[in-house]
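Counting in this note's numbering, the sequence shown runs from 6 upward without gaps.
These notes concern the structure reproduced below.
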Amino acid sequence: MALFPAFAEVSRDKVADSSSELNWLNNKSFQTSDALSLHSRFLEKKSDELLNKDSSKDGKDEDSVPVKKKKHEKHGKKKKKHKEKIQRSTESSGSDSEPIFPSDLKRKELDRPQAAPIASSFSWLDDIQSTITQPFCVDSKSDASNWTYKSLYRGDVARYRRKGSSTLGLDRRRQEVSWEDAKKKRKGRDKQKGEDRYFSRVCRQLLRSQLPLLTLPRVPESSHITKSSVFLSLEDNEGEKKEEAGVRIQTSSVNPLGVYDSTTALWLQGKGKQEQIDPDDKPSLETGQEVVLQMGQTEEFNRKLRETPEDTQLWLKFIRYQDELSETVFGGEEDQQSKELERPKSSYKAVLEKKLSIAERAVATNPSCVALQRERLRICQELWEPSALAKEWKKLVFLHPNSGPLWKEYLLFTQSYFSNFSVSKVNTAYGKCLSMLSAVRDGSMVSHPALPGIEEDMLDIFIQQCHFLRQCGHSEKAFSLFQAMVEFTFFKPDSVQQLSTKQQAEFFEPFWDSGEARVGEWDARGWKAWMIHQERGGWVQPSADEEEEEEEDEEEEVKDRSQPRWTVWLDVESSREAAHWLPWRPEKNKGQSEDDCDDPERQVLFDDIGPSLICLSSSELQLRLLLNFLSFLGLPVDNVLSAGNCLPGLLLEELALLTQGSDSRHALTSHNLPNGMSSVGHMTTLQGTRKWTGLGKQGEKFVNTMFHMLQPVLSSQHRTILSLSRMQYEKLKVFRCLNDSKKRLRSQSKISKRIAKSLLKEPDNRSSLAMWREFAHMEWLLGNVEEARKVFSTATALGGGKGLCNPSLCELCLLWAQLEVEYGANGPGGVLNEGGASPAVCVLTKLASGSTLSSSSQPVSPVAILKARKLYEQALTASLSALDQDLCNAHANEKGQVAVLEEKVRLGGLLGCYALFQYLTMGIKAASAVYTQNRERMEELQGKLESEKLFASNLLVSRMASECEILAVQQASLLKYHIGIGVFPLATLRDTLTSALIRWPSSAPLWSIYVQVENRYHSAGRARRFFHTVTRENASIVPRLFAIVAEQQRKQLVDAAQRSSDKSAALSVLPENGLSNRIRGLFESAVGTEMGAHCPLLWRMYIHYLVSEGKTDKAKGLFYKALQNIPWVKGLYMDAVQLFHDHLQEFVDLMTEKELRVRLPLEELDILLED
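Here you go:
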């Protein structure tokens, strides 16, 4: 028989050849007779079923009862019994009316065709000789395993879902299978999963999703109450409106009869429906369709990137746009705490993997773009292991050795990689980086060209290396790097100027190893002079008598042996750090050699500094090098001239940054007192005190000698800048001694005044008004008010008759007037003179008129005040107009023009004098109006300067930004001072501060004033929202630090109120809960940022806070977590010794393992305690 019976006859008619070819299609085991018999049986079966259905209908009408579903088990059993009765009745309903005899049944069995016998044992088909009709077998032998075990093995039972009740392979006349669904009975303890609560993720996503329908009915336009609808209408309102308006559907080729609506007609044309936004639904549309709009923006990104795949900035925007999408998933800005908790979950990891896939696609499209490579590795920091990440970084810097920003990030990663961190490895990486960049700059590396700004990047990396060594405790190496760089830059011989950097360093090595005096040391002549005299035969070494050096009395290091071991270690370690930060050098006049040094770490070899030497060709960069060296030594410097592209968070170590400006006695001038970063020689705990105010005897002597050496090689302008920094340093030392004993203040004032007078006697500084201003301020701080007024008066005479046209004179008179206002006791303006005007008004009026002011107590007439106001207004308007015109007409490459503009940009003094004059004569509103109007004008000019990029030098842009920030600080200080002495709405000060802080989020003086103002009031919600807004939009660490300080100060007030002994007394501050958790949340959020993770001050504050809360174990765990990010900071280890002093041995061993500087080993400590 053929495989397809319908075509069996066709196959027989064909030729034998063709049939033999199709032999494989024939099924010889199939018989036509069998198919016909099966078909007849099927027809009989159908007829029997029809008869049974007709008979069952009658039975159901008589006997059947409708069955209802019951919940209980008893009713379920009754239901099954009832169904069985119905089935029996339907089977016998056809023959109930007639009696059935056994003979009839026997006759039916004989008439029924007999089925083929079924075999009783198994056998193979190949072994059977005769054909059988039913190749089946009934296995009657039982399986013993079914009796041994309780059930069949689950692997032997096939699992399937049955559809229908039929069974294949069974004869319906003799065999039948009854299927019953064995449903699992739920027990009482098996409960369904509870509904999602309102705080679950599913419910929060449901609330943020788009609403399918309006939750409230629309308010009808008619105001009649009875006609207003209170239900949701289901009619087509749009169709009714169109019909009422008489709008008819136009006929077209796709809609000739006009029977289709507009949507169908558009669909027939292949167009989509144009959505029309209803003005009433606009707010709900904005909130409900965020996800849809974001997906549309994603499609727009993809389209643009397909068109312009070489646009690297677009790739970076698309990568950062994924964070906005993730905010929607994690709850957005309003659910920040839950977002932080959900970050480690798979959802956040999925977002990172998505960003990584975009970054890899961008890198594959633009393989030469370094910014995309950096972004990719930045994303991989949270996904990859540190070892794999280190390999990728090495590969990347190998491919792009000429990229300075890439080297900066690689070095930061290297010194943050705790498992592979050691000081020597990181220092070697810094030397390799600077050597590579120097080769690129010199042209020695032909494969990679030098990029613009490579010298600035090299200087930033060099400064970062010096501070890295200082924070590790290797102060001698850091100091020697700066000292060698100053010698290598300013005292270079002319014969080696044209050589490469590597060759110049080879010539410099003999000088460094010769033992000759270096820059800043006694009798130093410089590298250039040494080379010349070496060519001529050298010079004779001075005898020991020529050097007058006082021997310092050695004090006993351990003063109290009864103190704990860890306390003695901290005291000796910090004292040695303060005394021995200068490198040790053998004095050949005294017969010393290198073997005489007690601590070999105090000696610095050329191999430690040689690879890091670089060449600086620009005078601006050379000045920046000097200013950073002075800042390293602790001298205050100009932030604009010394600023670089280093990460500012790496250098934040002292709490002075967060406490400046808190002195109410200096409300107007406290922001002028500089607070630098941690300087060399002051490595101590976070809350520890300085060993002394300055650098000590050796340090002060080095600074004096270095200043004298640098005078001949610097220009007059740069000499003035260095002298001003030295003067401010002496003033800063006096300011630090104000709260000390009178004896110490008296001795420090004598030293500082002597140095200040010697600086003023120099020819370049005699006519410098800035130097006279600082000296007069020092006299005022010491309490010598009359002496200070004489100095101010003398300085104004030096200014000549320029008056308001001289920025330095305006700044001097502004400081004088501010000091007079602070000194006064009778409200604004101070003590009145004979003419009824305050001394400050007299100073400002004489400045406007251009006349010489002999004393601040001279009488001032009302006419002179009116003239002065007019002159101030005209001078300020003219200065702003001239600045705007010069910015438009100036050329980018003219350095002289840029220098002139830098002088014109200094409008802080003039504007401050005018505003203070208005405050003293007209009131605070007039002064605030002056500040507001002119600040807006200055900020417009700054934005214009930044956007159009008119100048190649960034110094002018930085100076402009600094002046705008100074004006904001002046306005906030004046408003705060007035609120302290009078009645004035706080909203004006708050608006001023918020607008200024949004523009200058890294300004510590502005944040200090803001925290002081907001902490005076019970409501902290406004300040918290503002802090959250600023920190969300800015990556700076400064606002996060001040947000923490504000909450800590508030908690101190609450704790003080709750610990009050008098329970009946009214509390001045309302008790508040949750501050501890809020502070911890702020800390966690801050250390989770890129800049906060590498900020030493933040981690140290966090550890101290946890210890103050009594959570010592968590604080210790946080210390080890901090080591994963800042393992090089020695101050962190010293804090750990102070807080967890039982583990002193463990911390010292860890410092030794990582090669941090340990000046007092524990073995030596035991010897000192025994003595």
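C-beta atoms are modelled at their ideal positions from N, C-alpha and C, and glycine is treated no differently.
CB of cysteine 385 within 7 Å of CB of tryptophan 412, strictly: Locating residue 385 in the sequence shown gives position 380, where the first residue counts as 1. Locating residue 412 in the sequence shown gives position 407, where the first residue counts as 1. No. Outside cutoff.
Uninterrupted alpha helix (DSSP H) stretches inside the segment 595-631 (no shorter than 4 residues): 611-614
Whether threonine 689 touches serine 580 by CB criterion (7 Å): The count along the sequence shown starts at 1 and reaches residue 689 at position 684. The count along the sequence shown starts at 1 and reaches residue 580 at position 575. Not in contact: threonine 689 and serine 580 (Cβ atoms no closer than 7 Å).
In chain order, each alpha helix (DSSP H) run of at least 4 residues that lies wholly inside the segment 986-1030: 991-1004, 1009-1019
Spatially closest choice to alanine 661 from Met300, Arg381, Pro1010, Val905, by CA coordinates: Here residue 661 refers to the residue found at position 656 when the sequence shown is read from its first residue. The shortest C-alpha separation from alanine 661 is found at Pro1010.
Cβ-Cβ separation, histidine 687 to alanine 583 (assumed contact under 8 Å), whole Å: Here residue 583 corresponds to residue number 578 of the sequence shown, with the count starting at 1. Here residue 687 corresponds to residue number 682 of the sequence shown, with the count starting at 1. Yes, they are in contact, since the Cβ atoms of alanine 583 and histidine 687 sit about 7 Å apart, within 8 Å.
Distance CB(lysine 482)-CB(valine 609) smaller than 7 Å: In the sequence shown, the residue the question calls residue 482 occupies position 477. In the sequence shown, the residue the question calls residue 609 occupies position 604. Contact flag set, yes.
Span separating the alpha-carbon of tyrosine 326 from that of alanine 1091: Sequence index remark: in the sequence shown, residue 326 carries index 321 (1-based). Sequence index remark: in the sequence shown, residue 1091 carries index 1086 (1-based). Each residue's Cα considered, the two are about 22 Å apart.
Residue range of the alpha helix (DSSP H) that includes histidine 1109: Numbered from 1 along the sequence shown, position 1104 holds the residue referred to as residue 1109. Looking at the DSSP string, the run of the alpha helix (DSSP H) that includes histidine 1109 is 1101-1113.
Nearest-angstrom Cβ-Cβ length linking valine 1016 and phenylalanine 1047, presumed shorter than 8 Å: Numbered from its first residue, the sequence shown carries residue 1016 at position 1011. Numbered from its first residue, the sequence shown carries residue 1047 at position 1042. With 8 Å as the limit, valine 1016 and phenylalanine 1047 qualify as a contact, their Cβ atoms being about 6 Å apart.
Sub-7 Å separation of valine 905 and tyrosine 919 beta-carbons: Along the sequence shown, one-based indexing puts residue 905 at 900. Along the sequence shown, one-based indexing puts residue 919 at 914. Not closer than 7 Å, so no.
Distance between glycine 1026 and asparagine 1020 (C-alpha atoms, nearest Å): Taking the first residue of the sequence shown as position 1, residue 1020 is located at position 1015. Taking the first residue of the sequence shown as position 1, residue 1026 is located at position 1021. A direct Cα-to-Cα measurement between asparagine 1020 and glycine 1026 gives close to 11 Å.
7 Å CB neighbourhood of leucine 1055 in its chain, flanking five on each side removed: As a first step, residue 1055 is located in the sequence shown; it is residue number 1050 there, counting from the start. The amino acid at residue 1055 is misidentified as leucine; the sequence shows arginine. Cβ within range, chain order: Asn1020, Ala1025, Leu1080.
Contact under 7 Å by Cβ, proline 1006 with valine 1035: Locating residue 1006 in the sequence shown gives position 1001, where the first residue counts as 1. Locating residue 1035 in the sequence shown gives position 1030, where the first residue counts as 1. The answer is yes: Cβ separation under 7 Å.
CB-CB length for alanine 1257 against glycine 985, believed under 8 Å: The chain is shown only over 6 to 1176; residue 1257 falls outside these bounds and no answer can be derived.
Cβ-Cβ distance between aspartate 462 and serine 505 below 7 Å: As a first step, residue 462 is located in the sequence shown; it is residue number 457 there, counting from the start. As a first step, residue 505 is located in the sequence shown; it is residue number 500 there, counting from the start. No, the pair does not count as a contact, with Cβ atoms beyond the cut-off.
Enclosing alpha helix (DSSP H) for threonine 926 [first to last residue]: Within the sequence shown, residue 926 is the residue found at index 921, counting from 1. Here the alpha helix (DSSP H) through threonine 926 covers 913-926.
Threonine 999 versus asparagine 1039: straight-line alpha-carbon distance, rounded: Residue mapping note: residue 999 aligns to position 994 of the sequence shown, counting from 1. Residue mapping note: residue 1039 aligns to position 1034 of the sequence shown, counting from 1. About 14 Å.
Own chain, CB closer than 7 Å to valine 356, minus 5 neighbours either side, in chain order: Stepping through the sequence shown from its first residue, residue 356 is reached at position 351. Gln327, Ser331.
Coil, strand or helix - cysteine 969 by DSSP: The sequence position of residue 969 within the sequence shown is 964, counting from 1. Of the three classes helix, strand and coil, the one that applies to cysteine 969 here is helix, per DSSP.
Three-way DSSP call (helix, strand, coil) for cysteine 742 in this model: Taking the sequence shown and counting its residues from 1, the one referred to as residue 742 is at position 737. Looking at cysteine 742 - three-state DSSP - the assignment turns out to be coil, as it is neither helix nor strand.
Closest by C-alpha distance to phenylalanine 516, when choosing among Asn1130, Val501, Trp532: Within the sequence shown, numbered from 1, the residue matching residue 516 stands at position 511. Minimum Cα distance to phenylalanine 516 is reached at Trp532.
Helix, strand or coil at cysteine 438 [DSSP, three-state]: To locate residue 438, count along the sequence shown from 1; it is residue 433. Helix, per DSSP.
Whether leucine 618 touches alanine 510 by CB criterion (7 Å): Within the sequence shown, residue 618 is the residue found at index 613, counting from 1. Within the sequence shown, residue 510 is the residue found at index 505, counting from 1. Between leucine 618 and alanine 510, the gap from beta carbon to beta carbon is short of 7 Å.
For cysteine 477, three-class secondary structure by DSSP: Your numbering for residue 477 matches position 472 in the sequence shown. Helix, per DSSP.
Where proline 288 sits in the DSSP three-state scheme: On the sequence shown, position 283 is the one that residue 288 refers to. Note on proline 288: pLDDT 44, under 50, position unreliable in the model; the coordinate value appears next. The answer is helix: DSSP assigns proline 288 an H, G or I state.
DSSP-derived helix/strand/coil call for cysteine 471: Locating residue 471 in the sequence shown gives position 466, counting from the first residue. If DSSP states are grouped into helix, strand and coil, cysteine 471 belongs with the helices.
Methionine 776, enclosing alpha helix (DSSP H) - first and last residue: Counting from one through the sequence shown, the residue named residue 776 turns up at place 771. Taken as a continuous stretch (DSSP letters only), the alpha helix (DSSP H) holding methionine 776 covers 774-786.
Residue from Ala977, Ser843, Gly1086 whose Cα sits closest to the Cα of valine 865: Counting from 1 along the sequence shown, the entry for residue 865 is found at position 860. Residue Ser843 is the option with its Cα nearest to valine 865.
Stretch pair the segment 1135-1149 + the segment 1101-1117: three plus CB contacts closer than 8 Å: yes
Cut-off 6 Å between Cβ atoms - residues of its own chain near phenylalanine 634, not counting five sequence neighbours on either side: Taking the first residue of the sequence shown as position 1, residue 634 is located at position 629. Correct list, in chain order: Phe487.
Cysteine 374 (DSSP reduced to helix, strand or coil): Within the sequence shown, residue 374 is the residue found at index 369, counting from 1. Of the three classes helix, strand and coil, the one that applies to cysteine 374 here is coil, per DSSP.
C-alpha gap between glutamine 420 and lysine 399, whole angstroms: On the sequence shown, position 415 is the one that residue 420 refers to. On the sequence shown, position 394 is the one that residue 399 refers to. Rounded to whole angstroms, glutamine 420 to lysine 399 spans 14 Å at the Cα level.
Integer Cβ distance of proline 812 from glycine 914, believed to fall under 8 Å: Counting from 1 along the sequence shown, the entry for residue 812 is found at position 807. Counting from 1 along the sequence shown, the entry for residue 914 is found at position 909. Right, the Cβ-Cβ distance comes to about 5 Å (below 8 Å), so this counts as a contact.
Burial state of glutamate 1158, where buried means 16 or more other Cβ atoms lie within 10 Å: Numbered from 1 along the sequence shown, position 1153 holds the residue referred to as residue 1158. Counting Cβ neighbours within 10 Å, glutamate 1158 comes out exposed, since fewer than 16 surround it.
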